[in-house]
Amino acid sequence: MAAAQQREEPPIKEDPFRSNAFTLIEEMLDLSYPPSKYTAGLMDEILHSIFFLGKINKPPFSPEDILSDDEMLNALKGRYPQPFELYSSQLPRRSPFSCVLDMIVHLTRETRQGERQEEEIEREIIKWLQDLIRPLKESKKRNKKKPLVSSTICVSHSTETQNAVRYYGVSMSTIGPNPGKILIAASCFSSWDSSVAGAVMTYYPNKVKREYFDGTIILPEHVRCQAFNLFENRVMPPCRSCRNLFGLTTNENNEWPYGNCAEAESVSNLLRHVEEVREQAAPSSETCTEENRQKAAECVRKELEGFVRTERFKWKGQFYTPRNLILKRGNN
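In this text, residue positions in the sequence shown follow numbering that gives the first Met the number 0: the first is 0, and each later residue adds one.
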């Protein structure tokens with residue numbers, strides 16, 4: 000949308016969060032045209048997720064701060080009213096960049112109907128994401144990370160089936176401990192496959208394994224689960240956390256927050272769509288009972304409520320559902 004009347008305020012380029020938020024919204028608007036129910040659902044969802052993160056950002060940004068173009072602001076309010084109404088009371092189900100990923104996967108597959116060579120599709124998706132994030136801005140105060148941008152993508156699929164569909168995931172596109180912990184817990188309750196959620200809840204939030212519940216899984220050897228650094232265009236080995244969660248082989252000692260890595264979303268999408276792999280990777284610990292899982296979930300819920308209170312966010316326990324949501328999770 001062309002810029003119209005601009006409000007008198009500091010230029011949007013001054014803050015990386017606000018600049019990246021505006022740019023991602025613009026990009027998603029372009030990608031969602033002409034709109035379908037699915038792409039409209041993704042657009043609705045990313046608006047809410049960005050507005051929520053803007054509210055708890057330091058400094059905070061309102062939707063009006065982010066959308067400095069009055070024409071765009073009014074058009075989006077008219078087309079997607081729910082994100083503007085509910086970003087202050089409901090939690091997102093996942094991070095904004097997951098919506099970007101789903102949009103790009105959807106469009107890539109749509110243009111390749113009839114010639115579904117998964118290896119080529121994978122390369123196109125990764126390149127598209129790299130081209131999109133390259134011009135976005137870094138935060139000088141936070142290790143030059145790019146706010147709202149995932150640094151890693153993961154691809155998972157079975158190698159037993161020729162040209163098997165590949166399932167994608169990205170790392171949490173958050174900066175700071177609390178936003179990441181909030182979205183990881185939210186994903187456990189409302190977005191991820193239950194097996195992945197159980198594995199993450201085994202350790203959430205302090206990297207300490209629960210004594211009474213072990214929901215970790217072991218992916219079968221025929222599953223490829225490969226992560227790539229989008230900024231440096233290189234293969235990334237699993238970290239220690241992903242080894243503990245999913246049984247991935249690695250020599251890495253880095254232990255990132257459990258659920259933060261791209262592997263969690265990618266494996267979740269794989270398990271949701273490939274029942275055979277889901278059965279083969281089922282948790283095997285004797286402590287993985289429904290009673291113990293519920294106990295762990297209650298602890299995670301309390302931790303989540305604490306992180307939300309720390310951000311002075313008034314939450315009544317609801318997770319946001321886009322008005323146009325179609326349950327097409329898992330990159331199609």
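For glycine and all other residues, C-beta sits at the position ideal for the given N, C-alpha and C.
- For the pair Gln89 and His47, the Cα-to-Cα distance works out to about 9 Å.
- In this structure, the alpha-carbon of Leu106 lies about 22 Å from that of Gln225.
- About 28 Å separates the Cβ atoms of Pro15 and Ser189, ruling out a contact at the 8 Å cut-off.
- When the beta-carbon positions are compared, Leu147 and Asn19 come within less than 8 Å of each other.
- Straight-line measurement puts the Cα of Ile124 at about 7 Å from the Cα of Ile103.
- Scanning Ala184, Asp213, Arg311, Arg165 for the CA closest to the CA of Arg115 turns up Arg165.
- With contact defined as three or more Cβ pairs closer than 8 Å, the region 167-184 and the region 280-288 are not in contact.
- In the three-state scheme derived from DSSP, where H, G and I count as helix and E and B as strand, Ser138 is classed as coil.
- Within the same chain, Phe83 come within 7 Å of Lys76 by CB-CB distance, once the 5 residues on both sides are set aside.
- About 5 Å separates the beta carbons of Phe306 and Ile181, which is inside the 8 Å limit, making them a contact pair.
- Under the DSSP definition of a beta bridge, Leu46 lacks any partner.
- The three-state secondary structure of Met171, taken from DSSP, is coil.
- Going by DSSP, Thr110 is part of the alpha helix (DSSP H) stretching over 95-110.
- By the Cβ criterion, the region 228-235 is not in contact with the region 296-313, since fewer than three pairs of Cβ atoms, one from each stretch, lie closer than 8 Å.
- The beta carbon of Pro33 is closer than 6 Å to none in its chain, skipping five residues each way along the sequence.
- The DSSP-derived three-state label of Thr151 is strand.
- By the Cβ-count criterion, Tyr211 is exposed, with fewer than 16 other Cβ atoms from all chains shown falling within 10 Å of its own Cβ.
- Secondary structure at Gln317: coil, using DSSP grouped into helix, strand and coil.
- For Gly316, the number of other beta carbons within 10 angstroms of its own is below 16, and it is reported as exposed.
- Residue ranges of uninterrupted beta strand (DSSP E) with 3 or more members, entirely inside the region 213-279 and ordered along the chain, are 222-228, 233-235.
- The distance from the Cβ of Pro321 to that of Glu26 is about 18 Å, inconsistent with a contact at the 8 Å cut-off.
- In the same chain as Leu244, and ignoring 5 residues on each side of it, the C-beta atoms closer than 6 Å to its own belong to Ala198, Thr215, in chain order.
- Distance from the CA atom of Cys187 to the CA atom of Cys260, rounded to whole angstroms, is 13 Å.
- Glu264 sits buried, since 16 or more C-beta atoms from the chains shown fall within 10 Å of its C-beta.
- If the five residues before and after Ser155 are omitted, its C-beta is found closer than 6 Å to the C-beta atoms of Tyr166, Cys224, Ser265, Val266, Leu269, all from its own chain and listed in chain order.
- Here DSSP, grouped into helix, strand and coil, assigns Ser157 to strand.
- In chain order, Val299, Leu303 place their CB closer than 6 Å to the CB of Ala184, counting only its own chain and leaving out the 5 sequence neighbours on each side.
- Restricting attention to Thr288, Phe96, Pro256, Ser193, the CA atom closest to the CA of Asp213 is found in Thr288.
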